[in-house]
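In the working numbering, the protein residues as written are 330 to 904. Just so you know, even glycine gets a beta-carbon here, dropped at the ideal spot from N, CA and C. Since this is a predicted model, take the numbers as computed values, not measurements.
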């Protein structure tokens, strides 16, 4: 008796909740025809490509059908649209509004393009691999051709980059597709046109139109995302770490948000700009950026990093999301799930999707040895690590501008005049900054050639420091006559020059080599470090090759003994 009453109570509660949520709000034929669809009604049930991370714009589920079979439809009151009633497609269930969003900015930093690609996989929902055999050890599977992945991978081949990701989102609506939705007529026709026997080209054409998966549930609203490329060594010589740049971009992306952490970072960033003698925004200093804003009305402003400068635009954008939402979060199922187990195209479609995903998986392969340092990073096996010093950072970037090595050699003189009645006992001192080098004395020779080569090691080229030569006639240790002195500003490269004295001419050669990632006469300009041209065409990123491009890499390496090619997905293993 008690159990019976409890069951009646549960049924009543369920009916009450259904009434509150509007699940049983059915509209009559005329009311349904007049009512608009809910915003974003057709954003689920669309084909989706997990390699390019893009919606295909081709529908596998028919979301235009609203008639439940007797002229009725599901109607919902939209609290974000003044409570007006809007209809749902027949395929849509569990539609509802979500609480107001906070638009809090989140950020991450990635030391390489490959790390960013691996992270972008997290944008794919859990379960996207269910029903697919797409295992490839050591490879990034999915999202390798997304906009952010291509941006980062292209940059990585041009120079040594790290990357930051800043994003903020707002969810307003949510719904899902029913378990047995009506399929779109064009998708059904495309399936019917597939040949009985497996034809890779035919199935690949279908994938190019409809993608690999379809969206089964969505959260709608808007999102702002920015990927910023940071030239690692250019930041280092300005006294900035990648983390410092990210923190200062955090401040600018946070806009009007005021927290203890943001305020602390703001003060830090002011101090950094003061050291660099600039008032320029960090988002302007580091402006190699891909920005994406989805949902709402967009007027071209950079709302993420200039939101505080355009508060009205940001407010209008947020308001427009109510009527023009886009997909922020989603769930996916492979396309072949739409076909019955006995359907002749199911196995072929599954196989084609698996091949397409695996062929576009990214294998991490180190494209070059370390010019300095060694590969010993636990996080990135292709990263070069150096012993940190006053001249070099642990990431093998110069600690500041103007760093170089200095070598002085080929010292000689002609026509010197020292002692009366005898020839010159010549010696030379060479000075730069606080370093002093001295040659041996060559006795009784007015045309000496000193054999010494002086290595000054790492130096900093300064306007206040000159390379100075002093030539003496060394009569004794305590009594040397200065025959001539000259000084020169250093410049990069090999320099042959001479000093003309009252008696005789002194000749010398010096070589200044800029530190890695520096160039220019005073070694104070950034020098890009592009990857080798013959590999850049094959590698998709600095240290990443798509599985489908491994045969090309094998050919380019001319069957090098350093590599061993395995048959599993054409995997390339470093020996």
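According to DSSP, is residue i part of a helix, a strand, or is it coil?
i	result
residue 810	strand
residue 840	strand
residue 751	coil
residue 703	strand
residue 863	helix
residue 672	coil
residue 886	coil
residue 472	coil
residue 618	strand
residue 424	strand
residue 487	helix
residue 761	strand
residue 714	strand
residue 728	coil
residue 845	coil
Relative to the C-alpha of residue i, which residue among the options is closest?
i	options	result
residue 652	409, 391, 382 and 814	409
residue 649	482, 450, 549 and 709	549
residue 689	597, 473 and 530	473
residue 738	876, 840 and 551	840
residue 659	363, 844, 383 and 364	383
residue 661	405, 776, 452 and 797	452
residue 373	670, 398, 507 and 560	507
residue 466	694, 815, 386 and 816	694
residue 699	495, 674 and 710	710
residue 543	833, 682 and 620	682
residue 499	361, 509 and 644	644
residue 614	468, 578, 404 and 833	578
Measure the C-alpha to C-alpha separation of residue i and residue j and round it to an integer number of angstroms.
i	j	result
residue 389	residue 706	46 Å
residue 446	residue 462	21 Å
residue 609	residue 556	19 Å
residue 639	residue 791	44 Å
residue 860	residue 696	8 Å
residue 457	residue 354	33 Å
residue 882	residue 871	13 Å
residue 573	residue 375	41 Å
residue 616	residue 393	43 Å
residue 359	residue 413	16 Å
residue 787	residue 735	7 Å
residue 517	residue 668	10 Å
residue 363	residue 407	16 Å
residue 357	residue 623	35 Å
residue 842	residue 720	14 Å
residue 591	residue 855	31 Å
residue 350	residue 598	Below a pLDDT of 50, predicted positions are generally treated as unreliable, and residue 350, at 42, falls in that range; no measurement from the model is reported.
residue 367	residue 551	16 Å
Using a threshold of 9 Å, state whether the C-beta atoms of residue i and residue j are closer than that.
i	j	result
residue 754	residue 770	yes
residue 492	residue 479	no
residue 632	residue 642	yes
residue 427	residue 370	no
residue 716	residue 566	no
residue 812	residue 745	yes
residue 712	residue 449	no
residue 512	residue 523	no
residue 601	residue 629	no
residue 520	residue 430	no
residue 663	residue 874	no
residue 575	residue 436	yes
residue 419	residue 396	yes
When the cut-off is 9 Å and only beta carbons count, does residue i lie next to chain C?
i	result
residue 624	In summary, chain C is missing from the structure at hand, where a single protein chain is found.
What residues in its chain sit with their C-beta under 8 Å from that of residue i, if we drop five residues either side in the sequence?
i	result
residue 686	379, 380, 461, 463, 470, 471 and 541
residue 722	565, 715 and 728
residue 773	751, 752, 753 and 754
residue 885	863, 864 and 867
residue 766	737, 758, 759, 760, 781, 783 and 785
For residue i, which residues of its own chain have a beta-carbon under 6 Å away from its beta-carbon, when the five flanking residues on both sides are left out?
i	result
residue 423	504 and 505
residue 497	432, 434 and 553
residue 800	757, 812, 813 and 835
residue 794	762
residue 878	867
residue 400	358
residue 531	523 and 524
residue 815	798 and 828
Leaving out five residues on either side along the sequence, give the residues of the same chain with a beta carbon under 7 Å from the beta carbon of residue i.
i	result
residue 604	568
residue 563	855
residue 802	747, 748, 753, 754, 755, 809, 810 and 812
residue 837	737, 739, 740, 798 and 826
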